[in-house]
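Participant: Please find one structure pasted underneath; my questions will follow.
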Amino acid sequence: MSTVVIDSSRASAPHCSVPDRSTAPAKKAHGLDPAVVAAREAGRVAGQRLARTPLTPRQRAAVAAVMGGAR
Numbered sequence: 001m002s003t004v005v006i007d008s009s010r011a012s013a014p015h016c017s018v019p020d021r022s023t024a025p026a027k028k029a030h031g032l033d034p035a036v037v038a039a040r041e042a043g044r045v046a047g048q049r050l051a052r053t054p055l056t057p058r059q060r061a062a063v064a065a066v067m068g069g070a071r
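Next comes the structure, spelled out in structure tokens:
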């Protein structure tokens, strides 16, 4: 098993003045537990950040394997 290291300033969370939504209380949506709603939102934000990060083919394959997209 290999380890992928992304050495890029864009790979880390951006420093901006936008309030952190993860500290806001999660609303109960569709009968889901607030923790599930918060986890989904965190995953969505992480996915958007990952989509903007340039990756090599090897890094893309590693991300796909970890996220369940490898076949």
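Under full-length UniProt numbering, the letters of the sequence shown match residues 1 to 71, in that order. Ideal Cβ placement from N, Cα and C applies to all residues, glycine included. Values in this document were obtained by computation on a predicted structure and should not be read as measured data.
1) For valine 66 versus leucine 50, is the C-beta distance shorter than 8 Å?
2) Using a Cβ-Cβ cutoff of less than 8 Å, which residues in the same chain neighbour alanine 26 once the five nearest sequence positions on both sides are dropped?
3) Could you tell me the boundaries of the alpha helix (DSSP H) in which glycine 43 lies?
Facilitator: So, from the data block:
1) Against a cut-off of 8 Å, the Cβ pair of leucine 50 and valine 66 comes out as no contact.
2) Only weak support is given to the placement of alanine 26: the predicted model assigns it a pLDDT of 49, under 50, and the question is left unresolved by the model.
3) Residues 34-51.
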